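A.B. asks: When we follow my numbering, the leftmost residue of the sequence shown carries the number 288, and every step to the right adds one. Even glycine gets a Cβ: it sits at the ideal position worked out from N, Cα and C. None of these values were measured; they are calculated from a predicted model. Please find one structure pasted underneath; my questions will follow.
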Amino acid sequence: MSTSVGYNGAFENREGTLTSLTIGSITVSKPAVLFFGKGTGHDDVPWDVNIGNVFLKDYVLTIDYPGKKLMFEKP
Numbered sequence: 288m289s290t291s292v293g294y295n296g297a298f299e300n301r302e303g304t305l306t307s308l309t310i311g312s313i314t315v316s317k318p319a320v321l322f323f324g325k326g327t328g329h330d331d332v333p334w335d336v337n338i339g340n341v342f343l344k345d346y347v348l349t350i351d352y353p354g355k356k357l358m359f360e361k362p
């Protein structure tokens, strides 16, 4: 368990590992993840992924707003 603080206050998360996560052509094996509990403001959609700083530190992210694309590149 770990604790996060956000707009809705402090809440506890469960920590775990996924088998893999694929975004476009990038696959990450066994990424560490946090599972947010009910009532934390993250339960408005049935399935979602939030990618944070720990993942993004290894990539250059380019956002193409008109084309509605995200591009991840290894530097």
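Going by the CB atoms, is the gap between E299 and L321 shorter than 7 Å?
C.D. replies: The count along the sequence shown starts at 1 and reaches residue 321 at position 34. The count along the sequence shown starts at 1 and reaches residue 299 at position 12. For L321 and E299, no; Cβs fall outside 7 Å.
A.B. asks: Along the chain, where does the alpha helix (DSSP H) containing L305 start, and where does it finish?
C.D. replies: On the sequence shown, position 18 is the one that residue 305 refers to. First-last for L305: undefined, no H or E at that position.
A.B. asks: Span of the beta strand (DSSP E) holding V336?
C.D. replies: The residue labelled residue 336 in the question sits at position 49 within the sequence shown. It is not in any beta strand (DSSP E) - V336 carries neither H nor E in the DSSP assignment.
A.B. asks: Beta-carbon within less than 6 Å of S265's beta-carbon, same chain only, minus the 5 sequence neighbours each way: which residues are those?
C.D. replies: In this structure the chain extends from 288 to 362, so residue 265 is not present and cannot be described.
A.B. asks: To which residues does DSSP link M288 through a beta bridge?
C.D. replies: By one-based count along the sequence shown, residue 288 stands at place 1. Note: M288 sits in no beta bridge, so no partner.
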